[in-house]
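Q: Got a structure here, written out as structure tokens. Questions coming.
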Amino acid sequence: MVDKFDPADIVVLNSCTVKNPSQEAFATLLRRAQAQKKTVVAAGCVPQAEPTLADVKDCSVVGVTNISRICEVVGESLKGHIVKLLEHKELPQLCLPKIRKNKHVEIVPMSTGCLGQCTFCKTRQARGTLMSYDIATIVQRVKQAVEEGVTEIWLTSEDSGTYGRDIGHTLPELCWEVLGVLRPHNVIKIGMTNPPFILEHMEEMAAILRHPQVYSHMHIPVQSGSNAVLDSMAREYTVEDFVLLCDYLAENVAGVTFATDIICGFPTETEEDFDKTLDLVKKYKFPSLFISQFYPRPGTVAADMKKLDTKVVKSRSTELTKLFESYRTYDSLLGTEQRVWVTDIETNKKNAEAGGKGETALVGHTKFYVKVIIREVDPGLLGRCVKVKITEVQKWHVVGVVTDRNVSSEVVQPVSHYKREFQKTKVNFRARERLHKLKAELAAKCPVGKRKRSAVSERPRGHAISNIPWMEIAYVAGTVLVLLGILMVFLGK
Ligand code: SF4
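Read left to right, the sequence shown gives residues 216 to 708 (our numbering).
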């Protein structure tokens, strides 16, 4: 297997349909391969969502659930046959042989497809509805990766919060099981999740994110700060849901960080809607923010909506980018010591392009998934969990020096310990949640500031005593007294 075009006998191109640029990159590579008269196998979401696409007409095609038959398709294509495998099947095997791009990182898909119907999304057409792998299969894959020396496990999905709903399991259940097979230096990164389904597991997810072997980081794409826009995107949550989730996690997972995605210039987005998005970003100061301009994806509901002027879309995206660049989020890390999982080595491309040496450095992440550059390039540190003192902070990353080369053996309790801890917070949170609910119910019935007045005015004054005939009693008593008086006067004579 080679990773360059020229020496290849056949080119296998995987594809992503989530945004126009990713689809265009696939089309460019495909044309380049065809111009070089290479046999091409096109795989992934682009041909799956649009099998009639002119670009893939003369290629073999492997759909998203047929990946386990890739060897067969390559063999047939090399013989000059065109094979098209696009029907949606059962989930492909998870334990297929693989070559990792980074040998320290294992990417484990938990599921394919989703339960959404977002009006801008093309991925849904390619991937279909949610199909989750069972827990035992995922755990087996993780175990194998750990045995092969992997450090970091990424549990990925189109929408992690939905994991298992089709097979009667949940994301927290899966996470606990995976944690049970890790070695002390391993760490889990939980993939992107939309708000609606993860909300149900908010408390348990907080406990999982607190676990010493899970990055305290969540990627929750909000897409817009306006409920009206979310509604026309058919995102099935409100800004308040997103806020509840982030605030709860921030309150219960010390130092947790959030990444989010925003689409600028969705067809129904007004200036006021966009201002709400700006306000949300100002409030949370996301350390990672993925900003896209709205591009209509063919075949989606949003593609039929009246587009905003391109200038408006661009200026909103520029304004949001400026806002994002105006704040810093890592300054408080300066001088602190952090646990860092070292998983990569990178060369400073900008420096190399500018004629410099293109210095190399080790790359790792803190517990809160902050990128750390370690300039001391000791390959022996790769794949380890070390302690690093932060000496420099930037917008996108921090720089540090290693102070302890081996903190992997830090005591991690058995999974049951963290589950017990979770049970305690769960009780606390339930109580608080009930209290909040009660307050909200009361406030709705009787808004603050009106309660006192109405409490007085609506009180059925005298209700408890109104059945007692005080007037009659007084009248009778008075009459008796008068009669007694007359009698005494009479007797006195
Ligand atoms: S949740 Fe929405 S955006 Fe994500 S894959 Fe499903 S339909 Fe697309």
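Beta carbons: idealized from backbone N, C-alpha and C, even for Gly.
Which residue wins for smallest C-alpha separation from residue 264, given the options 251, 230 and 538?
A: 230
Q: Tell me where the beta strand (DSSP E) around residue 619 begins and ends.
A: 613-619
Q: Can you give the beta carbon distance from residue 592 to residue 575, rounded, assuming they're within the 8 Å contact cut?
A: 5 Å
Q: Have a look at residue 284 and residue 409 and give me their C-alpha separation to the nearest angstrom.
A: Approximately 31 Å, taken between the alpha carbons.
Q: Assess, as a yes-or-no matter, whether the stretch 339-348 is touched by the stretch 299-309 under the definition of 3 or more beta carbon pairs within less than 8 Å.
A: yes
Q: What distance in whole Å lies between the Cβ atoms of residue 422 and residue 637, which are believed to be in contact at a cut-off of 8 Å?
A: 3 Å
Q: Near the ligand SF4, which residues have their beta-carbon less than 7 Å from any of its heavy atoms, given in chain order?
A: Those residues, listed in chain order, are 329, 331, 332, 333, 336, 338, 339, 342, 373, 374 and 409.
Q: By a C-beta neighbour count over all protein chains shown, 10 Å radius and 16 as the cutoff for buried, is residue 375 buried or exposed?
A: buried
Q: Quick one: grab the DSSP three-state call for residue 297.
A: coil
Q: Can you name the residues that DSSP bridges to residue 505?
A: 476
Q: From the DSSP output, in three-state form, read off residue 437 for me.
A: coil
Q: So who's on the other strand from residue 579, going by DSSP bridges?
A: 557 and 587
Q: So which of 603, 307 and 365 has the shortest CA-CA distance to residue 553?
A: 603
Q: Which of the three DSSP states, helix, strand or coil, is assigned to residue 600?
A: strand
Q: Pull up the distance between the alpha-carbon of residue 272 and that of residue 610, whole angstroms please.
A: 45 Å
Q: What residue range is occupied by the uninterrupted alpha helix (DSSP H) comprising residue 245?
A: 235-250
Q: Please name the residue, chosen from 277, 314 and 261, that lies closest to residue 365 on a Cα-to-Cα basis.
A: 314
Q: At the level of alpha carbons, what is the spacing between residue 386 and residue 631?
A: 17 Å
Q: Work out the CA separation of residue 614 and residue 607 for me, nearest whole Å.
A: 5 Å
Q: Taking DSSP as the reference, what is the three-state secondary structure of residue 411?
A: helix
Q: Starting from the N-terminal side, write out each stretch of the beta strand (DSSP E) that is 3 residues or longer and does not extend beyond the stretch 248-288.
A: As far as the stretch 248-288 is concerned, its whole beta strand (DSSP E) runs of at least 3 residues are 254-258 and 275-277.
Q: Give the DSSP bridge partners of residue 367, in chain order.
A: 320 and 402
Q: Over the uninterrupted alpha helix (DSSP H) stretch that includes residue 350, give me the two end residues.
A: 350-362
Q: What separation, rounded to the nearest whole angstrom, lies between the Cα atoms of residue 515 and residue 414?
A: 27 Å
Q: Please name the residue or residues paired with residue 326 in a DSSP beta bridge.
A: Paired residue(s): 347.
Q: Measuring CA to CA, which of 295, 243 and 278 is closest to residue 224?
A: 295
Q: Please state if the CB of residue 389 and the CB of residue 433 are separated by a distance shorter than 8 Å.
A: no
Q: Enumerate in chain order the residues of its own chain whose CB-to-CB distance from residue 489 is below 6 Å, with the five nearest sequence positions on each side excluded.
A: 531
Q: Does the contact criterion of 3 or more C-beta pairs under 8 Å hold for the stretch 545-562 versus the stretch 518-533?
A: no
Q: Is the beta carbon of residue 447 sitting closer than 8 Å to the one on residue 334?
A: yes
Q: Just curious, the alpha helix (DSSP H) that residue 495 is in, first and last residue?
A: 486-499
Q: Count the other CB atoms within 10 Å of the CB of residue 586; is the residue buried (16 or more) or exposed (fewer)?
A: buried
Q: What's the gap between the Cα of residue 470 and the Cα of residue 431?
A: 7 Å
Q: Would residue 243 and residue 280 be called neighbours here (beta carbons separated by less than 8 Å)?
A: By the CB criterion at 8 Å, residue 243 and residue 280 fall outside the cutoff.
Q: If you check the beta carbons only, do residue 382 and residue 347 fall under 8 Å apart?
A: yes
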